[in-house]
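Just so you know, we're using our numbering here: the sequence shown kicks off at 7 and counts up by one.
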Amino acid sequence: MSIVDRLAGRMSLRLRIFLFFALAALASIALIAVAGYFALMATNLEDRTFVLRAGIVSCFGILGILAAIWYQFDSHVARPVERLGRYARATAHGEGLAEAAMPEARYLGYLAPALNDLSRSLEKARNEREAAVQEATARAERQKARLEFILQDLSDGILICNRDHEILLYNPAAVEILADIGRIGLRRSVFDVLAPEPVRHNLSRLEKRVREGRHKTHELGLSQPFAALCADGRTTLEATMTLTLVPGSAETQGYVLAFSDETEMLAASAEAERKVVAVAERIREHAGSLQLIGEMLAANLALDARARDLTGSIMDEIGLLAETSDELERLAVDEFSRTWPMGPVLATTLFDLVRERVRLKVLPETRCPQQIAILCDSAAIAALSARLCEWVTKRGGTNLLLSAEPGEETGFLDIEWSGEPVSIRSTDRWLRSALDHDLGPVTAADVLARHGADIWSDRAPASAGRARFRIPLQMRDMASLPVITARHIERMPVYDFDIFDEKPPAELADRSLRSLTVVVFDTETTGLEPSRGDRMVSIAGVRIVNGRLLESEIFDELIHPGRAIPRRSTEVHGITDSMVADAAPAGEVVARFARFAENAVLVAHNAPFDMRFLTMAGEASGLEFHNPVLDTVLLAAHVHGTGESLTLDRLAEIYRVDLPDEVRHTALGDSLATAKVFLALLGPLAASGVTTLGEAVQASEAQAALRRKQTRYE
Numbered sequence: 007m008s009i010v011d012r013l014a015g016r017m018s019l020r021l022r023i024f025l026f027f028a029l030a031a032l033a034s035i036a037l038i039a040v041a042g043y044f045a046l047m048a049t050n051l052e053d054r055t056f057v058l059r060a061g062i063v064s065c066f067g068i069l070g071i072l073a074a075i076w077y078q079f080d081s082h083v084a085r086p087v088e089r090l091g092r093y094a095r096a097t098a099h100g101e102g103l104a105e106a107a108m109p110e111a112r113y114l115g116y117l118a119p120a121l122n123d124l125s126r127s128l129e130k131a132r133n134e135r136e137a138a139v140q141e142a143t144a145r146a147e148r149q150k151a152r153l154e155f156i157l158q159d160l161s162d163g164i165l166i167c168n169r170d171h172e173i174l175l176y177n178p179a180a181v182e183i184l185a186d187i188g189r190i191g192l193r194r195s196v197f198d199v200l201a202p203e204p205v206r207h208n209l210s211r212l213e214k215r216v217r218e219g220r221h222k223t224h225e226l227g228l229s230q231p232f233a234a235l236c237a238d239g240r241t242t243l244e245a246t247m248t249l250t251l252v253p254g255s256a257e258t259q260g261y262v263l264a265f266s267d268e269t270e271m272l273a274a275s276a277e278a279e280r281k282v283v284a285v286a287e288r289i290r291e292h293a294g295s296l297q298l299i300g301e302m303l304a305a306n307l308a309l310d311a312r313a314r315d316l317t318g319s320i321m322d323e324i325g326l327l328a329e330t331s332d333e334l335e336r337l338a339v340d341e342f343s344r345t346w347p348m349g350p351v352l353a354t355t356l357f358d359l360v361r362e363r364v365r366l367k368v369l370p371e372t373r374c375p376q377q378i379a380i381l382c383d384s385a386a387i388a389a390l391s392a393r394l395c396e397w398v399t400k401r402g403g404t405n406l407l408l409s410a411e412p413g414e415e416t417g418f419l420d421i422e423w424s425g426e427p428v429s430i431r432s433t434d435r436w437l438r439s440a441l442d443h444d445l446g447p448v449t450a451a452d453v454l455a456r457h458g459a460d461i462w463s464d465r466a467p468a469s470a471g472r473a474r475f476r477i478p479l480q481m482r483d484m485a486s487l488p489v490i491t492a493r494h495i496e497r498m499p500v501y502d503f504d505i506f507d508e509k510p511p512a513e514l515a516d517r518s519l520r521s522l523t524v525v526v527f528d529t530e531t532t533g534l535e536p537s538r539g540d541r542m543v544s545i546a547g548v549r550i551v552n553g554r555l556l557e558s559e560i561f562d563e564l565i566h567p568g569r570a571i572p573r574r575s576t577e578v579h580g581i582t583d584s585m586v587a588d589a590a591p592a593g594e595v596v597a598r599f600a601r602f603a604e605n606a607v608l609v610a611h612n613a614p615f616d617m618r619f620l621t622m623a624g625e626a627s628g629l630e631f632h633n634p635v636l637d638t639v640l641l642a643a644h645v646h647g648t649g650e651s652l653t654l655d656r657l658a659e660i661y662r663v664d665l666p667d668e669v670r671h672t673a674l675g676d677s678l679a680t681a682k683v684f685l686a687l688l689g690p691l692a693a694s695g696v697t698t699l700g701e702a703v704q705a706s707e708a709q710a711a712l713r714r715k716q717t718r719y720e
């Protein structure tokens with residue numbers, strides 16, 4: 007392509023026509039100048055003045071005529087053609103535009119009516135296509151509705167997440183269970199509500215199982231039960247994680263979490279265990295006292311043979327009573343340990359996970375039979391083992407070794423090192439310290455109590471100069487388990503599974519507009535000038551995820567402005583002083599909005615106005631908004647040009663967005679309308695070459711610069 011072609015491609019139609027007329031004017035003036043020159047040469051001195059004047063008048067006359075013709079051509083042909091071109095592009099990529107009714111288009115003959123006919127035909131074809139798609143998917147929708155009904159009715163919480171731990175689905179039970187923990191929503195991190203370590207730990211376990219191919223014969227297949235800790239550090243969930251794989255491969259798409267709140271049940275079980283153990287200890291104390299009294303009576307009183315036999319029987323019964331109290335305590339501990347969510351983990355897998363977690367320059371060696379499984383809360387035991395290795399190393403231990411020694415029912419998890427054994431007092435003190443931040447306020451002693459286990463340190467029998475910690479745990483031989491077919495979880499009926507296939511680019515600017523997480527918001531205020539004391543009285547926002555408006559995920563709150571609301575403002579948005587009397591101040595509401603809009607792109611209609619109020623309220627409470635911001639006014643100007651009215655009402659009319667009167671000029675109503683306009687603009691924007699966030703920002707900046715220039719010359 008030549009330089010001329012490239013320059014022509016960048017010029018608008020109106021500019022090219024103007025240059026054409028300008029060139030014609032210059033050519034005419036040049037011809038008059040040449041003709042005048044020869045006329046001057048051919049005339050005498052007296053006539054030259056007349057010829058010169060005639061030439062000048064001719065030049066200005068031709069310039070005036072061409073300028074008038076250009077103006078009429080520009081007004082009645084070029085400008086309408088450009089507007090019709092924008093309309094045609096928007097019609098081709100938009101969602102049902104209004105007809106192109108322009109008075110000046112009457113000079114274009116049948117072009118505008120033909121374009122309207124084409125628009126109607128295109129809309130009819132779209133409607134027919136949509137009807138065909140709806141008919142083809144009706145049966146699938148009925149099945150989906152049935153599955154959705156089942157999902158809605160489940161008492162267990164369900165979360166489906168991708169590999170980046172973003173939530174793709176949640177059911178009402180999940181919202182109810184986690185209501186006091188935090189906000190859940192599509193594309194939000196699951197770690198907003200769940201502690202990261204147990205989730206990551208069990209995901210690593212399952213992915214290792216798949217890599218080794220053991221999921222095909224494992225009794226749990228692609229699933230793993232575990233104890234999930236909530237982000238508040240207090241709530242415990244009995245959860246099951248199930249991997250979802252890319253069809254036909256071993257690549258992980260994400261995982262399904264099914265869970266129920268077991269906090270109260272576990273607390274009640276722990277309290278019952280504590281009470282039973284306390285009773286058993288009192289029985290043991292009383293039995294010891296009775297035994298001591300009996301021994302003293304037998305030693306100090308002269309008893310006949312029958313009395314001695316009776317005393318011996320009493321002493322035997324006291325001994326049995328003490329043994330019974332021990333058995334009662336053991337049963338209480340075992341019963342509590344069974345209520346805690348546990349599952350079998352291959353010893354080699356557990357040791358690999360310990361090596362991943364331990365913060366040491368030299369990782370511990372491992373030794374264990376390949377098919378030995380340990381029944382435990384693997385996340386807690388892995389954390390316990392990793393922290394023990396770090397503590398032993400800090401005390402001077404070297405050459406660490408992790409090993410598993412199976413028995414008939416109970417085996418031993420050993421941590422061995424070169425050095426001296428650790429005293430009981432030091433061990434007890436360490437057991438009372440917090441184990442891991444990601445596990446909440448849990449101590450090593452708590453973990454052992456859950457497993458009904460103890461811990462002690464002694465010398466390793468097989469090697470001189472080596473010591474060990476021993477933890478008795480339930481173990482079994484995995485080779486004895488039956489071979490089964492892995493169970494595959496079908497995809498749930500809701501919702502954003504396209505996120506599975508996304509490969510997020512390194513920079514947000516490279517993300518396509520349709521793939522963004524967007525919060526479209528609007529504010530209502532006491533007036534238009536924050537510098538003169540005007541403040542927000544309400545703020546609302548709606549979320550868009552992957553080009554889909556989530557009308558169920560909204561933010562809508564009134565704000566106490568700290569001043570009276572003028573009557574003229576109330577006439578616009580309908581908010582009165584009495585309505586905001588009990589509302590929270592701006593700082594609190596904006597902080598909640600910031601959490602709602604976390605990691606999202608902000609979109610507003612006339613965004614500078616809303617951002618000015620939002621930023622001012624945020625600064626007052628120490629908040630800063632670093633979200634990228636898009637303005638639908640500037641995006642619409644890029645699509646339709648500056649000659650078109652770009653009010654929200656006009657854009658809603660163009661893109662056939664319903665705007666009921668009762669919600670117009672409310673923050674939530676305008677947020678929903680702006681969101682629908684934004685989605686409708688994505689097609690025309692893509693047609694003009696704007697598909698990514700970075701390109702949208704550049705287009706907006708260009709429109710803003712153009713507006714500043716126009717303001718300067720007005």
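Idealized CB from N, CA, C, for every residue including glycine.
Taking the CA atoms as reference points, V607 sits about 12 Å from A702. Residue state for N633 is assigned as coil, using DSSP reduced to three classes. Within the same chain, and ignoring the five residues on either side of V57 in sequence, the residues whose Cβ sits closer than 7 Å to its Cβ are G42, A45, L46 and T49. If you compare the alpha carbons of E182, R85, S34 and R438 with that of D267, the shortest gap goes to E182.
Residues R92 of the same chain have their beta carbon placed closer than 6 Å to that of H646, with the five preceding and five following residues left out of the count. Here T248 has L228, S229, V262 and I495 as same chain residues with Cβ atoms under 6 Å from its own Cβ, once five neighbours each way along the sequence are excluded. Counting along the chain, no alpha helix (DSSP H) covers N605, and no H or E run does either. The closest CA to that of L352, considering only A180, L479 and S424, is found on L479.
Taking the CA atoms as reference points, E530 sits about 6 Å from V543. If you draw a 10 Å sphere on the C-beta of V663, you find 16 or more other C-beta atoms in it, and that means buried.
Per DSSP, the unbroken alpha helix (DSSP H) holding A681 starts and ends at A673 to A693. Selection S391, S584 and F561 evaluated against I571 yields S584 as nearest (Cα-Cα).
According to DSSP, residue pairing for S544 in a beta bridge involves E530 and L564. Taking C-beta separations shorter than 7 Å and ignoring five residues to either side along the sequence, F615 has no partners in its chain. Note on geometry: alpha-carbon atoms of E396 and L359 lie some 15 Å from one another. A distance below 8 Å separates the beta carbons of P591 and H566. A direct Cα-Cα distance of roughly 9 Å separates R393 from A450. Out of E225, A642 and A681, the CA that lies nearest to the CA of R95 is found in A642. The shortest CA-to-CA distance from R438 to any of L454, Y176 and M17 is the one to L454. When secondary structure is reduced to three states using DSSP, L296 falls in the helix class.
Looking at R476, S463 and I581, the one whose alpha-carbon comes closest to that of E426 is S463.
A distance of 8 Å or more separates the beta carbons of A589 and L629. Put simply, the backbone Cα of L665 is about 29 Å away from that of F631.
In this structure, the straight-line span from the alpha carbon of E136 to that of L654 is close to 27 Å.
In the three-state reduction of the DSSP assignment, G624 falls in the helix class. Put simply, of G260, Q259, E329 and D322 the residue whose alpha carbon is nearest the alpha carbon of R288 is E329. DSSP places P591 in no alpha helix (DSSP H); its state is neither H nor E. Beta-bridge partners of M247 (DSSP): Q230 and L263.
If only uninterrupted alpha helix (DSSP H) runs of at least 4 residues are considered, those enclosed by the stretch 374–419 are 384–400.
Rounded to whole angstroms, the separation of the alpha carbons of R211 and E659 is 55 Å. Segment contact: the stretch 412–426 against the stretch 397–404, three or more CB-CB distances shorter than 8 Å; contact assigned. In the DSSP assignment, F24 falls within the unbroken alpha helix (DSSP H) covering L19 to A48.
Of the candidates R363, L441, T399 and H457, the residue whose Cα lies closest to the Cα of L381 is H457. Only residues of its own chain outside the window of five on either side were considered, and among them I477, P478 and L479 have a CB closer than 7 Å to the CB of A459, listed in chain order. Contact between I173 and G191 is confirmed by a C-beta separation of about 7 Å, below the 8 Å threshold.
Look at N552 here: in three-state DSSP terms it is coil, with no helix or strand label.
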